[in-house]
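Residue numbers (my numbering): 3 to 338.
Have a look at the structure below, then the notes.
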Ligand SMILES: NC(=O)C1=CN([C@@H]2O[C@H](COP(=O)(O)OP(=O)(O)OC[C@H]3O[C@@H](n4cnc5c(N)ncnc54)[C@H](O)[C@@H]3O)[C@@H](O)[C@H]2O)C=CC1
Ligand SMILES: O=C(CO)COP(=O)(O)O
């Protein structure tokens, strides 16, 4: 009999913890690594991560530790679920514990500031692991809904399809349906840029602009994501799938989305400082809108919605002024 797969989940925030549940429900032995020992103790003692997933009882196959070495020990999969901008520093600490065959899995939806690297690129840089051992899980997966075991589909992407298939089996449950994909660039871009579009839609919702505005922002947001993806070698069809449209629809329609909520607060007239103070969990688009715009600049791609979000979030542009500018851009064909 083959032993159950072992997974380390690095990060006990809302998605790390919820994905740990998925892996355990699919039959894996799961060790969550928590930055704070208090959270590891609480998970082991009460089976609940009260701070991030209150009221959700974790399966018996999930345990927690504050020692990274313990989490990595014998892991077939090391699942990374920390904020995108801290990953590089975290990996520098963790790489010595990495086994020679462990597959690294990114749950993160951001682009690194400064380098404009995708998370799988940061992982490769720091660990020296090749692309065939680095995978990405993405799609319309709001953590709370997954933790409540409500049905969702997802994408498991890896350059090596066999590795993607192994990870797919390790996280396939009655409520979580992962599909494989080998377009890692497209899958990562879809996740990172949808957070930026989620901010834009939130701002529009906060301003009370209505559903036509929302539909327009989602669609044109997807168009600029696809433009960037094409310039970077992604498969444009990825953006019509779960990592693109699927995730955009979930984020842009849900009050559970931190990015959407962050935008809504700004659109309602909160200052950036007030909005940041009201946000307890990671809203990746707030930082990644800058790195996505830089990435677009490097590839000579026009991303007007992303540029608008950067203007509002980082340059103090009033949303109404930004909206007028966006709407008064020169007329053009829908596709070019
Ligand atoms: N929450 C969700 O519904 C989903 C989140 N994601 C992505 O997953 C990633 C993680 O997000 P969440 O778990 O939601 O965030 P979260 O804010 O709920 O949790 C972040 C975790 O990282 C830890 N952390 C914060 N700073 C750290 C540092 N300097 N070093 C090490 N650990 C640190 C926190 O203690 C916490 O455990 C993000 O990239 C997000 O875009 C993807 C899909 C769904
Ligand atoms: O990525 C997500 C859903 O797939 C979660 O979105 P938020 O990070 O905006 O909460």
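Ideal Cβ positions, reconstructed from N, Cα and C, are used throughout, including at glycine.
For clarity, every value in this text was computed on a predicted model and none was experimentally measured.
As assigned by DSSP and simplified to three states, the class of residue i
i	result
residue 311	helix
residue 147	helix
residue 51	coil
residue 86	helix
residue 142	coil
residue 191	helix
residue 12	strand
residue 256	coil
residue 211	coil
residue 305	coil
residue 217	helix
residue 319	coil
residue 99	helix
residue 174	coil
residue 328	helix
residue 273	coil
residue 28	coil
residue 238	helix
residue 334	coil
residue 294	helix
residue 72	helix
residue 132	coil
residue 285	coil
residue 247	helix
residue 4	coil
residue 44	helix
residue 231	helix
CB contact flag (residue i, residue j, <7 Å)
i	j	result
residue 33	residue 71	no
residue 21	residue 109	yes
residue 80	residue 106	yes
residue 197	residue 111	yes
residue 26	residue 64	yes
residue 58	residue 156	no
residue 82	residue 12	yes
residue 39	residue 14	no
residue 166	residue 182	yes
residue 260	residue 225	no
residue 253	residue 246	no
residue 264	residue 277	yes
residue 186	residue 161	yes
residue 297	residue 309	no
residue 229	residue 312	no
residue 90	residue 131	no
residue 101	residue 8	no
residue 175	residue 24	yes
residue 223	residue 188	no
residue 290	residue 194	yes
residue 190	residue 133	no
Cβ-based burial, residue i [other Cβ within 10 Å; buried from 16]
i	result
residue 1	Only positions 3 to 338 of the chain appear in the structure, and residue 1 is not among them; the question remains open.
residue 169	buried
residue 262	buried
residue 143	buried
residue 78	buried
residue 86	buried
residue 275	exposed
residue 118	buried
residue 323	exposed
residue 214	exposed
residue 249	buried
residue 207	buried
residue 317	exposed
Cross-strand partners of residue i (DSSP beta bridge)
i	result
residue 66	34
residue 160	137
residue 181	157
residue 80	10, 106
residue 120	113
Neighbour flag for residue i against chain C, beta carbons, 7 Å
i	result
residue 172	Absent from the structure is chain C; it holds one protein chain and no more.
- May I have all residues whose beta carbon comes closer than 6 Å to any heavy atom of ligand 1, sorted in chain order? 13, 14, 15, 16, 17, 18, 37, 54, 83, 84, 85, 86, 88, 92, 109, 110, 111, 112, 143, 144, 145, 283, 284, 286
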